[in-house]
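Novice: Whatever position you read off the sequence shown (first residue = 1), add 556 for the numbering used here.
Backbone N, C-alpha and C define an ideal beta-carbon position, used for all residues, glycine too.
All figures in this text were calculated on a predicted structure; none of them were measured in a lab.
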Amino acid sequence: MSTPSHPVIRLQILSRPDLLAPVRSMVLSLSERFGFDEVESGHLALATDEALANVIRHGYDSRPDGRIWISFHLIDHPEPCFRIEIEDEGKQVDPESIAPRRLEDVRPGGLGVHIMREITDTCDFEPRNPGGMRVILEKSPGKGQDAPKPESSNSPDEAGPKPDQSQ
557 MSTPSHPVIR LQILSRPDLL APVRSMVLSL SERFGFDEVE SGHLALATDE ALANVIRHGY
617 DSRPDGRIWI SFHLIDHPEP CFRIEIEDEG KQVDPESIAP RRLEDVRPGG LGVHIMREIT
677 DTCDFEPRNP GGMRVILEKS PGKGQDAPKP ESSNSPDEAG PKPDQSQ
């Protein structure tokens, strides 16, 4: 995980689902401004949305009066990344108990943690003192599942460029 910086922007919202759309817009705007492409920006917005939805639903039991703080950081060391911290005063849980549902368990909902971990470089959960939780999401431009694979690979399927077969 990267060394935190002073936040570029810090805002407070209430635990109301109607406030998620403006936060998504802010994440999209900031991430594009910080050098992320449209897909990566969308991933950051989705991960943030999932984290906030979990805070609202699980941390505050869907109560609309819970306070949530969102901090946006641009970090230079050890490598450039965009860090989003989401803090609340809701229920505190053991971070080890926060596990994604198995994908084979087909039913509506419950994939938020899986999605967050798949589309960010870092997705951590920490208890806050004296209560509540902190979610830390980090992503570097050009990294993650959509980043180009290294050319050196032991897999014959990724041994290098494929010949052009359109000739």
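For Asn685, is the classification buried or exposed, using 16 other Cβ atoms within 10 angstroms of its Cβ as the cut-off for buried?
Specialist: Numbered from 1 along the sequence shown, position 129 holds the residue referred to as residue 685. Its Cβ having fewer than 16 others within 10 Å, Asn685 is exposed.
Novice: So what does DSSP say about Glu643, is it helix, strand or coil?
Specialist: The count along the sequence shown starts at 1 and reaches residue 643 at position 87. In this structure, Glu643 counts as strand in the three-state DSSP scheme.
Novice: For Tyr616 and Asp677, what's the separation of their Cα atoms in angstroms?
Specialist: Against the sequence shown, residue 616 aligns to sequence position 60. Against the sequence shown, residue 677 aligns to sequence position 121. Their backbone Cα atoms lie some 27 Å apart in a straight line.
Novice: Would you give the residue range spanned by the beta strand (DSSP E) that Ile612 belongs to?
Specialist: Along the sequence shown, one-based indexing puts residue 612 at 56. No beta strand (DSSP E) holds Ile612; DSSP gives it neither H nor E.
Novice: Sorry if obvious, but does the Cβ on Leu608 come closer than 7 Å to a heavy atom of the ligand GDP?
Specialist: Of ligands this structure carries none, so the ligand GDP is not represented either.
Novice: Can Glu635 and Ser696 be called in contact, C-beta distance under 8 Å?
Specialist: On the sequence shown, position 79 is the one that residue 635 refers to. On the sequence shown, position 140 is the one that residue 696 refers to. Contact: yes.
Novice: Tell me the rounded alpha-carbon separation between Gly698 and Glu588.
Specialist: Here residue 698 refers to the residue found at position 142 when the sequence shown is read from its first residue. Here residue 588 refers to the residue found at position 32 when the sequence shown is read from its first residue. In a straight line, the C-alpha of Gly698 is about 12 Å away from that of Glu588.
Novice: How big is the Cα-Cα spacing for Gln701 and Lys647?
Specialist: As a working mapping, residue 701 is identified with position 145 in the sequence shown. As a working mapping, residue 647 is identified with position 91 in the sequence shown. Residue confidence is low: Gln701 scores 49 on pLDDT, short of 50, so the model does not pin down where it sits. Its coordinate-derived value is still stated next. Gln701 and Lys647: Cα-Cα distance of roughly 32 Å.
Novice: I believe Gly688 touches Glu645 by the beta-carbon criterion, under 8 Å. Please report the beta-carbon distance rounded to the nearest angstrom.
Specialist: On the sequence shown, position 132 is the one that residue 688 refers to. On the sequence shown, position 89 is the one that residue 645 refers to. About 4 Å; that satisfies the 8 Å criterion.
Novice: Output the distance between the C-alpha atoms of Arg572 and Leu608, rounded to the nearest integer angstrom.
Specialist: What you label residue 572 is simply residue 16 of the sequence shown in a count that begins at 1. What you label residue 608 is simply residue 52 of the sequence shown in a count that begins at 1. Using only the alpha carbons, I get a separation of about 9 Å.
Novice: Bridge partners of His633, per DSSP?
Specialist: Position 77 of the sequence shown, counting from 1, holds the residue named residue 633. BP columns for His633 are empty, so no partner.
Novice: DSSP puts Phe638 in a beta bridge; with which residues?
Specialist: Taking the first residue of the sequence shown as position 1, residue 638 is located at position 82. Phe638 is bridged to Leu630, Lys695.
Novice: For Ala603, which residues of its own chain have a beta-carbon under 6 Å away from its beta-carbon, when the five flanking residues on both sides are left out?
Specialist: As a first step, residue 603 is located in the sequence shown; it is residue number 47 there, counting from the start. Cβ neighbours of Ala603 beyond the five flanking positions: Met672, Ile675, Thr676, Leu693.
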